[in-house]
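Contents: one structure, followed by commentary.
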Amino acid sequence: MSMNAPRGTQDILPGTSEIWQYVEEQLADLCRRYHYKEIRTPIFEHTELFQRGVGDSTDIVQKEMYTFEDRGGRSITLRPEGTASVVRSFVQNKVYGLPNQPTKYFYMGPMFRYERPQQGRMRQFVQFGIEALGSDDPAIDAEVLSLALNSYKELGLKSLKLVVNSLGDKESREAHRAALVRHFDPHREELCADCQVRLDQNPLRVLDCKKDREHPAMETAPSILEYLNDYSKDYFEQVKQYLDVMDIDYVVDPNLVRGLDYYNHTAFEIMSEAEGFGAITTLSGGGRYTGLVQEVGGPETSGIGFAMSIERLLMALEAESVELPTDEGLDVFFVSLGDEANRAAVKLTDELRRAGIQVDKDYLGKKMKAQFKAADRLGSKYVLVLGDQELENGVINVKNMTSGEQQEVPLGEIIDHMKKELTGGK
Ligand code: HAM
Numbered sequence: 473m474s475m476n477a478p479r480g481t482q483d484i485l486p487g488t489s490e491i492w493q494y495v496e497e498q499l500a501d502l503c504r505r506y507h508y509k510e511i512r513t514p515i516f517e518h519t520e521l522f523q524r525g526v527g528d529s530t531d532i533v534q535k536e537m538y539t540f541e542d543r544g545g546r547s548i549t550l551r552p553e554g555t556a557s558v559v560r561s562f563v564q565n566k567v568y569g570l571p572n573q574p575t576k577y578f579y580m581g582p583m584f585r586y587e588r589p590q591q592g593r594m595r596q597f598v599q600f601g602i603e604a605l606g607s608d609d610p611a612i613d614a615e616v617l618s619l620a621l622n623s624y625k626e627l628g629l630k631s632l633k634l635v636v637n638s639l640g641d642k643e644s645r646e647a648h649r650a651a652l653v654r655h656f657d658p659h660r661e662e663l664c665a666d667c668q669v670r671l672d673q674n675p676l677r678v679l680d681c682k683k684d685r686e687h688p689a690m691e692t693a694p695s696i697l698e699y700l701n702d703y704s705k706d707y708f709e710q711v712k713q714y715l716d717v718m719d720i721d722y723v724v725d726p727n728l729v730r731g732l733d734y735y736n737h738t739a740f741e742i743m744s745e746a747e748g749f750g751a752i753t754t755l756s757g758g759g760r761y762t763g764l765v766q767e768v769g770g771p772e773t774s775g776i777g778f779a780m781s782i783e784r785l786l787m788a789l790e791a792e793s794v795e796l797p798t799d800e801g802l803d804v805f806f807v808s809l810g811d812e813a814n815r816a817a818v819k820l821t822d823e824l825r826r827a828g829i830q831v832d833k834d835y836l837g838k839k840m841k842a843q844f845k846a847a848d849r850l851g852s853k854y855v856l857v858l859g860d861q862e863l864e865n866g867v868i869n870v871k872n873m874t875s876g877e878q879q880e881v882p883l884g885e886i887i888d889h890m891k892k893e894l895t896g897g898k
C-alpha cells in the first residue's frame with residue numbers, strides 16, 4: 473500500500489493555503505453583494521440522488537462516481553457535484569414554501585469524480601457554485617452569468633470568454649433530439665461505442681464527444697437554435713438583452729452541450745484564453761434546470777446555477793501571472809531568555825493574542841541570537857525582547873524590524889503600545 477495521497481488528490485500546504493483562503497473570502501464577499509447565502513450539504517448522499525439528478529446516461533454517473541455500500545447496506549456516493557444536493561435540501565427542508573423567493577444559495581466544498589487525472593482535472597476538487605431556485609425570470613439567468621464572470625474578473629483575470637447557448641424547453645429539445653437521431657443514424661457504425669449508446673439515450677451528448685469530434689457529421693449536425701420554439705427563442709433573446717445592458721461580452725455557441733442531463737434553456741461555460749492555461753480551457757459551467765426539483769420530489773420549480781473549481785481558477789491566476797495580496801508574514805515574535813522571562817513571555821504572548829495581535833515565540837530552547845534569526849525568517853514585523861535585565865527594569869524591548877528602531881516599553885503598557893504600533897498609531 474502506498475503512503476502517498478491517492479492519485480488525483482493533493483495537499484494544500486501553508487504558502488498556498490493562504491491563497492485558497494483569500495480566494496474563498498473574495499468569493500463569499502461577492503455572493504454577499506449578490507445576496508446569495510451559504511448552504512452546506514453533506515459530502516455524501518444516497519447514490520440514487522445523483523442517478524436521478526445528474527442523469528443515468530452521463531459520464532459522471534456511468535463512470536466517475538465514488539460509490540460504496542455502507543455498513544447498513546445502503547448505496548452511498550461521494551458527491552460529484554453540488555446541484556443535486558442543493559436541490560435535495562431545498563425539497564427536503566420545504567424551502568420552496570418559504571415567503572422569500574427565489575432562494576439564492578452559494579456553496580464551496582470538495583467534490584469527487586473518478587476521472588483520469590491531469591492538469592486541471594482532479595479526483596477530489598473544490599467547487600464554488602451558486603444556485604437560484606424558484607424564478608424563471610431571464611434576468612436571474614443574467615445575474616448568475618454576471619456573478620460567474622465577476623468571480624474571475626474581481627480576482628484580476630482578463631483572458632476570459634463567456635460562451636452561451638440555449639438548450640430550449642422540453643418541446644424544443646424533443647424536436648432537436650429527433651433531428652439529431654435522423655442526422656447521426658446513417659453514421660451510427662462510424663461513431664465510437666459510447667456515442668452509439670448516446671444516440672439512443674441522449675443524442676445531444678454526441679455533440680460533446682471527444683473521440684468523434686472530427687467526424688464530418690459533427691459539423692453539419694442540426695443546431696438546437698433552429699429548433700427553439702417561440703417561448704424558448706424569446707427566453708434566450710431576453711437573457712442576451714440583459715447581458716447586453718450589463719455590457720457583458722459573450723459568444724453564442726449552438727454546440728455548447730453540458731455534461732449533465734438536467735439543463736434546459738440557458739447553458740453556459742466560461743473559458744480561459746490565457747496562454748499556457750493548459751489543455752482544458754473550461755473554467756466553469758452552468759445553466760438552467762427545470763425538471764430537477766420535481767425529480768427529487770418537490771413541486772415544479774425552475775433553477776439556474778453554475779460551478780467552478782478553485783483548482784482551475786488558481787491555474788488561470790497563475791497563467792495570467794496575477795499576484796494576490798496574501799499576507800504570509802507575522803506581526804510579533806517574542807524573544808525571551810531565562811526561566812522567569814520565559815514564563816513572563818508565555819503570559820504576555822497569551823495576553824497579546826487575546827488582544828487580537830498575531831504573536832509567535834520560540835519553542836526550541838534557542839539562544840537569543842537564533843531566536844532573532846527565526847523572527848527574521850518568519851518575516852516578523854516586530855520583535856519583543858524580554859531577558860533578565862528587562863524583567864528587572866519592568867520593561868520590554870520592542871524592535872521594529874522594518875526601521876530597525878528599538879524602544880523600551882513598560883511591561884504594563886505593552887498591549888496598548890503594540891496595538892498602536894500595528895495600526896499605525898490609529
Ligand atoms: P460541471 O461542468 O460538471 O458542472 O463542473 C463545473 C466545474 O467544476 C467545471 O467547469 C470545472 O471548473 C470544475 N470541475 C469539474 N470536474 C473537475 C475535475 N475533475 N477537476 C477539477 N475541476 C473540475 C457542474 O458540476 C454543475 N453542478 C454546475 C451547475 C450548477 N449547473 C447548475 N448549477
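In terms of this note's numbering, the sequence shown has 791 at position 319, counting the first letter as 1, and numbering is strictly consecutive. Backbone N, C-alpha and C fix where the C-beta goes; we use that ideal spot for every residue, glycine too. Given the structure is predicted, the values throughout are model-derived calculations rather than measurements.
Use the C-beta contact count for residue i: other C-beta atoms within 10 angstroms, 16 or more gives buried, fewer gives exposed.
i    : result
D613 : buried
T692 : exposed
Y699 : buried
A620 : buried
G606 : buried
N637 : buried
H648 : buried
M780 : buried
R719 : Residue 719 is actually Asp in this sequence, not Arg. Classification for D719: exposed.
E686 : exposed
L796 : exposed
E662 : exposed
H737 : buried
R645 : buried
G640 : buried
T488 : exposed
I875 : It should be noted that the sequence gives Ser, not Ile, for residue 875. S875 comes out exposed.
E747 : exposed
D528 : exposed
G828 : exposed
Y850 : In the sequence under discussion, the amino acid at residue 850 is Leu, which differs from the Tyr named in the question. The residue in question, L850, is exposed, as its Cβ has fewer than 16 Cβ neighbours within 10 Å.
L570 : exposed
Q523 : buried
R505 : exposed
Spatial neighbours of residue i within its chain, please: C-beta separation below 7 Å, excluding the five flanking residues on both sides.
i    : result
D542 : I548
L824 : V804, V831, I887 and M890
D680 : V729 and G731
Y714 : P610, A611 and A614
T653 : Note that residue 653 is Val in the sequence shown here, rather than Thr. These residues qualify, in order along the chain: L671 and P675.
I484 : W492
Y494 : L796 and T798
G750 : Q591, G592 and M787
Y703 : D641
R479 : P589 and R595
Nearest to residue i by CA position, among the options, is which residue?
i    : options                   : result
A847 : D719, A827 and G801       : G801
V794 : P478, D716 and K630       : K630
Q482 : N872, F597 and E497       : F597
V526 : G759, N701 and T895       : G759
D706 : D608, Q599 and D725       : D608
V867 : F540, L617, Q879 and E893 : Q879
L521 : E792, L639, I782 and E767 : E767
K535 : P658, Y586, L796 and L820 : Y586
Q573 : T488, T895, K509 and L499 : K509
E792 : R524, F708 and R784       : R784
G628 : Q498, L639 and F656       : Q498
V818 : V723, F778 and G859       : G859
R512 : M583, L502 and P478       : M583
C503 : S618, F540 and G545       : S618
V559 : P726, P486, E643 and P771 : P771
Please list, in chain order, all residues of the same chain as residue i whose beta carbon is under 6 Å from its beta carbon, the five residues on each side excluded.
i    : result
M537 : T549 and P552
Y761 : Y734, Y735 and G775
T575 : V567, L605 and G606
K871 : V855 and Q878
P514 : none
F562 : L605
Between which residues of its own chain and residue i is the CB-CB distance below 8 Å, once the five residues before and five after are set aside?
i    : result
V723 : K633, L634, V635 and V636
E812 : D860 and L863
N814 : S808
TODO: Decide if the region 831-850 is in contact with the region 784-797; the criterion is three or more beta carbon pairs, one per stretch, under 8 Å apart.
DONE: Under the 8 Å Cβ criterion, the region 831-850 does not count as touching the region 784-797, having fewer than three qualifying pairs.
- [ ] Determine contact between the region 799-807 and the region 613-627, defined as no fewer than three beta-carbon pairs at a distance below 8 Å.
- [x] With fewer than three CB-CB distances shorter than 8 Å, the region 799-807 does not count as touching the region 613-627.
Open item on the list: Closer than 8 Å is the cut-off here; do at least three beta carbon pairs connect the region 581-593 with the region 555-572?
Closed with: Cβ pair count under 8 Å is below three, so no.
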